[in-house]
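According to my numbering, the residues represented by the sequence shown are 1 to 442, in order.
For every residue, glycine included, the Cβ atom is placed at its ideal position computed from N, Cα and C.
Keep in mind the model is a prediction, meaning the values are calculated, not measured.
Quick notes on the structure that follows.
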Amino acid sequence: MTISIIGAGYVGLITAACLARVGHRILCVEKNPSRLAILEKGQSPIYEKGLDEVLSEVFSQGTLRFTSSIEEASEHSDVIFLCVGTPSLPNGDVDLSQVEDAAISIARCSQTTKIIVSKSTVPVGTAHHLSQLMRRHSPHDLEFTLASNPEFLKEGVALEDFMHPDRIVVGCDQNQWRTLFEEIYQSWIKEGFPLLFTDTISAELIKYASNSFLATKISFINMISDIAENAGGRISDIALGMGLDPRIGRLFLQAGLGYGGSCFPKDIKGLMQTARNFGVKTELLEAVEHINADRIKHILHRVQKALGSFLGKKICLWGLSFKEGTNDIRDAASLTLVSHLLEEGAILKVYDPQAMPDFMEIFPPSERLSYAQSAQDALLDADALLIVTAWQEFKDFSPHRIKESLRNPLVIDGRNCLHENQVHQAGLSYIKIGEKSPRSHS
């Protein structure tokens, strides 16, 4: 099948690469000239494990190509996927301008009716809204079918998520299009992955509800970790004891610095606004947001208590991306941490294996902020190590090397990712999330 994809960002590029990999002919639209130049070489402008290799494979096979022309994409496709950004507005509403602009452009240049599939995360009722919008802007008074096919990708393992999904959700109000989606996802259906075909409103709400529920699990375990911290419990044991219950599950029960990234913060706000639009109270989601916002204050309080003051203290930060496996810093804990620590007079040396170029655009190097070339380099002569992102290289780093490099043997593990016994054996003072502070083992 010939498929066009509007938007070569994170979702669009993963979708394009994976659909091309199973044999569909994909034409992907990217308007940004510099990103397009990278893509036309068969390379990825974003970091995602395995993506460069898949892009190179499908690009050389000719099943994936790129263009800047929506007109070309509309003319040569059986179906068009919308994979453009839907950021939050200050009031919590979703900014649909990119989705609307793409839909209008398709309507204006289409000679025949088409099915338009939104992979972008959008508010309830967007499919109906876009259908009417496209009809108004069609020179030929065409009716377009709008469908919702939300993505459930986790950054860092997105290729695995796409190729081996828990479920494929398709929302369409015209049942006759079911066979088209069965053809698109034929390779997945043959392997036994479930396809849920429903209406557009239900599909749109499934995405919001799924991400908001996962964010709720994160805030819940962080609230429990605060109780454990004050009462003298161990959050790792508590989370395990909860997660072994199959009704609860172990995923997303990791206490830490809270959620971030491009999805959870935005989708919580989007679901809250959707609820308000339909007269539904949002106290639960408000609590989830409040707990998440407090995580940074909580860790800063513990660091300050351990150091006495931030003024003039040299602090090493390991990790800038919102999670390991990606260079994405959107709504990352590091943004708030760095801003606050600099305001309080700290001297920072930071390191991240992937996210430093993007972070430098927001926080350029300065007298009190420098970027290290390695995790080891960042540690040298620091008064404390603060772990913000649980990259594997940090987990594998020798605690004895940490002790030798630091001026003051203090580690604040915002992700509870180090091996505790090894840390104590190395003689480090170790502050963890969800446990009482620290005993020195020097």
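Alpha-carbon spacing of S131 relative to K119, whole angstroms:
15 Å
How is W188 classed by DSSP in three states: helix, strand or coil?
helix
Contact criterion: CB-CB distance below 8 Å. Does S225 meet it with respect to chain D?
No chain D is part of this structure, which consists of one protein chain only.
Between the CA atoms of D161 and N421 - distance to the nearest angstrom
33 Å
Out of P364, L307, L257, C316, state which residue places its alpha-carbon closest to the alpha-carbon of H290.
L257
Other residues of its chain near K154: CB distance less than 6 Å, five sequence neighbours each side excluded
D161
Would you identify the three-state DSSP class for K297, choosing helix, strand or coil?
helix
For L317 and S374, the rounded distance between their alpha carbons:
11 Å
With distances taken from CA atoms, which of L406, D294, L342, L64 is nearest S4?
L64
Can you tell me which of the three DSSP states S26 falls into?
Residue 26 is actually Ile in this sequence, not Ser. The answer is strand: DSSP assigns I26 an E or B state.
Given a threshold of 16 other Cβ atoms within 10 Å of its Cβ, counted over all protein chains shown, does F278 qualify as buried or as exposed?
exposed
Would you report the Cα separation of G319 and L39, rounded to the nearest angstrom?
27 Å
Output the distance between the C-alpha atoms of E286 and L214, rounded to the nearest integer angstrom.
14 Å
Range covered by the alpha helix (DSSP H) that runs through F264:
264 to 277
Taking the alpha-carbon of Q425 as reference, which of E404, P399, K432 has the nearest alpha-carbon?
P399
L379: first and last residue of the uninterrupted alpha helix (DSSP H) it sits in:
375 to 379
Which residue wins for smallest C-alpha separation from A384, given the options G345, D226, Y430?
Y430
Could you check the C-alpha separation between G531 and L244 for me, to the nearest Å?
Here the chain comprises residues numbered 1 to 442, so residue 531 is not present and cannot be evaluated.
Which one or two residues does DSSP pair with D93 in a beta bridge?
For D93, which the question treats as bridged, DSSP gives no partner whatsoever.
DSSP beta-bridge partners of F66:
C28
Under 8 Å, do L195 and E182 count as touching if we go by C-beta distance?
yes
Under the three-state reduction of DSSP, which class applies to L244: helix, strand or coil?
coil
According to DSSP, what are the bridge partners of L317?
V350, L386
Beta-bridge partners of L413, as assigned by DSSP
Looking at the sequence shown, residue 413 is not Leu but Asp. For D413, which the question treats as bridged, DSSP gives the partners I387, K432.
According to DSSP, residues forming a beta bridge with C172:
A147
Within the region 118 to 168, ranges of the beta strand (DSSP E) (whole runs, at least 3 residues):
145 to 148
Anyone know if the C-beta pair for G9 and C28 falls short of 8 Å?
no
If you run the structure through DSSP and keep just helix, strand and coil, what is I46?
coil
How is T2 classed by DSSP in three states: helix, strand or coil?
strand
Pull up the distance between the alpha-carbon of T216 and that of G249, whole angstroms please.
14 Å
Compare the C-alpha of K323 against each of D377, G308, P353 and name the closest.
P353
What whole-angstrom Cβ distance do Y47 and T326 have, given they're in contact under 8 Å?
6 Å
Under 8 Å, do G156 and K269 count as touching if we go by C-beta distance?
no
Taking the alpha carbon of D173 as the reference point, which residue from E204, G192, D199 has its own alpha carbon closest?
D199
Measure the C-alpha to C-alpha separation of V117 and Q61 and round it to an integer number of angstroms.
25 Å
Per DSSP, which one or two residues make a beta bridge with Y371?
V350
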